[in-house]
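Student:
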Amino acid sequence: MVAVMGKVVVVTGGRRGLGAALVDEVLARGASKVYATARSAYVDERPRVVTTVLDVRSAESVASLAELASDADIVFNNAGVLLPSPLLTGDFGQTAETFEVNVFGPLRVARAFAPVLAKNGGGALVNMHSVLSWLAGSGAYGASKAAAWSLTNSLRLELAPQHTQVVGVHAGFIDTDMVSALDRSKAKPADVAARIVDGLEAGDAEVLADDVSVTVKSALSGPVEHLTFSAAG
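Sequential numbering from 1280 applies to the sequence shown in our numbering.
Encoded structure:
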C-alpha cells in the first residue's frame, strides 16, 4: 500500500474530467507535488502543481516527462481517448489511434517510469480501465480497454520485484466531457477519484470505482453472451 501524504504524483490527462479530480484528491490528501499533463499547455496556479505537455503516442514526449518527473512516487495513467469506431465498419485510422492512446500510451508511460519508481522505492502505478473492458458493443474503445486490463495484470507481475504497487481501475460512465452525449447514469468525478485513492492507499490491486463495475465484474463467470454494452445500465 502507498499513502499519498508527502508523495510526488504524476497524473496524465490531468487537465479536466477524472484527471482533474485525481489532481484535486491527491492534493487534498497531502501530496507534496503533482505533475499534471495535457496535450496542450495550460496553467494551474496552485503551487504544488506542475503542468506539462504530454502526448502518450510519442516515446520522446513520454521520456521527457519521466526526466522532468524523476522524483515521482505514484503515476496515474489516466490519459485516454474515445473515438466512434466500430471494429468492422469504422475508420481504421481511428481504431489505430484508439489503441495508440489507450493501450500503447499507458505502456510507454509504464516503461519510462518503471526505473524512476524503482529508484524512488517502488511506489505505485495506477491504470484506468473501464467497465467496458468486460462488455462487448463499444467497438475499438472497449477492445482497447480490454487490452489495457490485460496489460495492467501483466505489468503487476513484472513490476512486483521492484515493489511497485500496480492498481487497475474499472469505472462505468463518469460525468465528464468524454461521455457528455451519452444518456446514461453517471458518477461524479470527485467520487470516483476518492474511491481510486482509497484503493491505492488500502493496497488494493483492483478498484471497482462504482456500483455498475461491481455488478458487471460479478457477471464475468456467466455466459459471455450476457456481457454486452447494455449491461452497463
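Each residue gets a CB set at the ideal place from its N, CA and C atoms; glycine is no exception. Predicted, not measured: the structure shown is a model, and the values here were computed from it.
Output the distance between the C-alpha atoms of Met1284 and Asp1370, rounded to the nearest integer angstrom.
Tutor: One C-alpha to the other measures close to 45 Å.
Student: Can you tell me the Cα-Cα spacing of Ala1426 and Arg1435, whole angstroms?
Tutor: C-alpha separation (whole angstroms): 14 Å.
Student: Go ahead and pull the three-state DSSP assignment for Ala1415.
Tutor: Correct three-state label for Ala1415: strand.
Student: Report yes or no: is there a C-beta of chain C within less than 8 Å of the C-beta of Ser1492?
Tutor: No chain C appears in this structure, which consists of one protein chain only.
Student: Within its chain, find whatever has a CB closer than 7 Å to the CB of Ala1479; leave out the 5 residues flanking it on each side and keep chain order.
Tutor: Correcting the residue type first, residue 1479 is Leu in the shown sequence and not Ala. Answer for Leu1479: Val1281, Ala1403, Val1405 and Val1446, listed in chain order.
Student: Taking all protein chains shown into account, do 16 or more other C-beta atoms lie within 10 angstroms of the C-beta of Leu1430, making it buried, or fewer, making it exposed?
Tutor: Classification of Leu1430: buried, given that the 10 Å Cβ count is 16 or more.
Student: Enumerate in chain order the residues of its own chain whose CB-to-CB distance from Asp1334 is below 7 Å, with the five nearest sequence positions on each side excluded.
Tutor: Correct list, in chain order: Arg1318 and Ser1340.
Student: State buried or exposed for Thr1304, treating a residue as buried only when at least 16 other CB atoms are found within 10 Å of its CB.
Tutor: The sequence given here places Glu at residue 1304; Thr does not occur at that position. Flag for Glu1304 reads buried.
Student: Please go through the same chain and pick out, in chain order, the residues whose beta-carbon is closer than 6 Å to the beta-carbon of Lys1286, but skip the five residues on each side of it.
Tutor: So the qualifying residues of the chain are Ala1310, Asp1352 and Ile1353.
Student: By the 10 Å Cβ neighbour count, where 16 or more other Cβ atoms means buried, how is Gly1298 classified, buried or exposed?
Tutor: Buried, by the Cβ-count rule.
Student: Which residue marks the beginning of the alpha helix (DSSP H) containing Val1388, and which one marks its end?
Tutor: From DSSP, the alpha helix (DSSP H) with Val1388 extends over Gly1384 to Lys1398.
Student: Which residue comes first and which comes last in the alpha helix (DSSP H) that contains Thr1374?
Tutor: From DSSP, the alpha helix (DSSP H) with Thr1374 extends over Phe1371 to Phe1378.
Student: I need the straight-line Cα distance from Ser1459 to Tyr1420, nearest angstrom please.
Tutor: At Ser1459, the pLDDT of 49 sits below 50, so the modelled position is not reliable; the number obtained from the coordinates is stated separately. Answer to the nearest angstrom: the Cα atoms are 16 Å apart.
Student: Out of Pro1394, Ala1450 and Ala1422, which has the shortest C-alpha to C-alpha gap to Ser1492?
Tutor: Among Pro1394, Ala1450 and Ala1422, the Cα nearest to that of Ser1492 belongs to Ala1450.
Student: Quick one: which unbroken alpha helix (DSSP H) runs of 4-plus residues sit fully inside the stretch 1293-1336? Chain order, please.
Tutor: Listed in chain order, they are 1296-1307.
Student: Beta carbon of Gly1285: closer than 7 Å to some heavy atom of the ligand SAM?
Tutor: The ligand SAM is absent from the structure shown, which contains no ligand whatsoever.
Student: Looking at Thr1443 and Gly1482, is the spacing between their C-beta atoms short of 8 Å?
Tutor: No. Outside cutoff.
Student: Terminal residues of the continuous beta strand (DSSP E) containing Ile1453?
Tutor: Counting along the chain, Ile1453 falls outside any beta strand (DSSP E), and DSSP gives it neither H nor E.
Student: Who are the Cβ neighbours of Ser1349 in its own chain at under 7 Å, not counting the five residues just before and after it?
Tutor: Correct list, in chain order: Val1395.
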